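Visitor: Could you have a look at this structure, given as structure tokens, before my questions?
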Amino acid sequence: MTRRQALQVAGAFTGGAFADLACTEARPRPRVLPSRLAIPELFRTELTVPRVMKPARTDGAADYYEMTARPASVELIAGVRTNIWGYDGTFPGPTIEARSGRTVLLKLRNSLPIPIVNHLHGGRTESVSDGYPTDFVLPESGEKFAGGNPQRSVAGEREYRYENQQRAAQLWYHDHRMDFSGAQVWRGLVGAYIIRDEEEDRLALPRGDKEIPLVICDRSFQVDGSLAYPSIDSTLRGSPGVTHPYMGGVLGDVILVNGAAWPKLSVANTRYRFRVLNASNARRYELALDPAPAHGAAFVQIGSDGGLLGAPIRHRTVRIAPAERFDLIVDFSAYPVGTAVTLRNLSDSGKTGAILRFDVVRKEKDDSAIPDRLSSFEAIDVRSVAAVREFDFRFDRNSQLWTINGRAFDEARIDAAPRLDATEIWRLRSDFNHPLHLHLVHFQVLSHGGPPGRWDAGWKDTIDMEPGQATSIAMRFSGYRGKYVFHCHNLEHEDMAMMANLEVV
Ligand code: C2O
Ligand code: CU
């Protein structure tokens, strides 16, 4: 049986009790998986910041990191133990800080019972190190698994080479195992990766303890504190995918920031730089401050997926889809000391309408500044374009799969073969919200159901396509030749076939 048939049978089989759902709705929507554990109180624990990793060694050529993906028991909810699969046993994993132009060699050991694949999201990485979904790192136990590419899979550990030939930006690394990314990321396989460069160093942006990564994701819990996820096969060894009601995407009912449920953070009345990553499988957020500042914008956006913008943009709210990053300045001088400011999610109500609380507790002198010109950002030149491609993203009712141009992912089929250094325009259509992500390149948004939206500025690697809207993006395929993927970053859609091959030739 092929993988596609297996997915179809799984969908049809588990869909039995929910057949009406599939038949009456044009497409399955993301759905909340209710926790069986009492939902914790908001803002009880302090926000923590993931540890910044130290290289095991360093020389003139590179920084060498060693990391182990392993099971661990951690506290995501105060007083509750949860078994996770984490990089070095933490959730999120440790943060890697890299310099533009300086190579990182990451040796990743697999002490988990299943194959893993590491992808540096937003990285301009050579194909062999990019984490193609079938380039498995098999468990060090030696156990065999189907589904990997025998030529490109290894057992026990793999060294990934990240040359960091790109500008300063917040990237992230996460699991990308074929058919099981959603389940394995949900268990904890995510971490932040920050590239710095001289252009950014010259700015007086908030730094040190006033530059804080916020890795936001949602999860659901079993009554014993373990993570709940509707896998067809919870051992992640057999059939891929989620049970039919969840094939539109799995939403958790507990919001975690840096691996803690609804934390709080004490801040000074100064500017802070928050590097926000939506690491959720399928949940999108619209960020807002409550109360809104009496004067000035709630958020000053200085960067997007691909690093600094040319000039700052002020926002009242920021909408962020899975895998997107926003580099945001919040100026707490707009609030009197003693104010509690909640970071809300306007896309939802109730507890999942809240994310984090800032308590403005002290006065401090602020020596940071946000210059009017942030970086040498330039609009992509689309006067001579080598190719215009069209892709249509939709749910296919016959196969019950998420498809691109009517087709399910096929490892052997190349769906786009741009030439090295060619500039292309891609025209995209979608039936639903699909956060499209391209490996290798960053793009600029040319249109998004009309002119680019207010959250589309800068270099992007993920864009949230809206139902029924046409979107166009432009990119230049520079860096490396080789085979990569592009896919929907709703991880349940990705696992259920909404992925395609891109080979730079
Ligand atoms: Cu963040 Cu192919 O993924
Ligand atoms: Cu999708």
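For the sequence shown, my numbering gives the first residue as 1131, with consecutive numbering after it. Just so it is clear, CB atoms sit at the ideal spot from N, CA and C, and this is done for glycine as well. Small disclaimer: the values here were computed from a predicted structure and weren't measured.
Can you list, in chain order, the stretches of the beta strand (DSSP E) that have 3 or more residues and sit fully within the segment 1191-1232?
Guide: 1192-1207, 1210-1217, 1223-1229
Visitor: Pick helix, strand or coil for P1375, following the three-state DSSP scheme.
Guide: helix
Visitor: Please name the residue or residues paired with P1565 in a DSSP beta bridge.
Guide: D1594
Visitor: Between G1286 and the rest of its own chain, which residues show a CB-CB distance below 6 Å, the 5 nearest in sequence each way excluded?
Guide: E1270
Visitor: In the structure shown, what three-state DSSP assignment does E1330 receive?
Guide: helix
Visitor: Output yes or no for whether 8 Å exceeds the beta carbon distance between Q1300 and R1161.
Guide: No, these two residues do not count as a Cβ contact at 8 Å.
Visitor: Taking all protein chains shown into account, decide if L1344 is buried (16 or more other Cβ within 10 angstroms of its Cβ) or exposed.
Guide: buried
Visitor: Tell me where the alpha helix (DSSP H) around L1621 begins and ends.
Guide: Where L1621 is concerned, the enclosing alpha helix (DSSP H) stretches over 1621-1625.
Visitor: Using CA atoms only, rank isn't needed, just tell me which of H1578, G1437, V1384 is closest to T1482.
Guide: Among H1578, G1437, V1384, the Cα nearest to that of T1482 is on V1384.
Visitor: What residue from P1170, T1553, E1494 has the CA that sits closest to P1336's CA?
Guide: E1494
Visitor: Mapping DSSP to helix, strand and coil, what is T1154?
Guide: Unreliable placement is indicated for T1154, whose pLDDT of 46 sits below 50; no coordinate value is reported for it.
Visitor: Helix or strand or just coil, what does DSSP make of T1072?
Guide: Outside the shown range of the chain, which is 1131 to 1635, sits residue 1072, and nothing can be said about it.
Visitor: Return the bridge partner residues of F1573 from the DSSP annotation.
Guide: Per DSSP, the beta-bridge partners of F1573 are K1590, M1605.
Visitor: Examine the ligand C2O and report whether any of its heavy atoms sits within less than 7 Å of the Cβ of H1306.
Guide: Yes, the Cβ of H1306 comes within 7 Å of a heavy atom of the ligand C2O.
Visitor: What is the rounded straight-line gap between the Cα of L1558 and the Cα of S1602?
Guide: Distance from the CA atom of L1558 to the CA atom of S1602, rounded to whole angstroms, is 6 Å.
Visitor: Closer than 6 Å between the C-beta and any heavy atom of the ligand CU: which residues qualify, listed along the chain?
Guide: So the residues near the ligand CU by this Cβ test are W1532, H1564, C1618, N1620, H1623, M1628.
Visitor: Would you check if the segment 1363-1377 and the segment 1400-1409 touch, i.e. whether three or more CB-CB distances between them fall below 8 Å?
Guide: no
Visitor: First and last residue of the alpha helix (DSSP H) that includes Q1314?
Guide: Element bounds for Q1314: 1311-1316.
Visitor: Would you mind giving the Cβ-Cβ distance between S1350 and G1382, rounded to the nearest angstrom? I have them listed as a contact below 8 Å.
Guide: 4 Å
Visitor: Quick one, are the C-beta atoms of F1507 and L1458 less than 8 Å apart?
Guide: no
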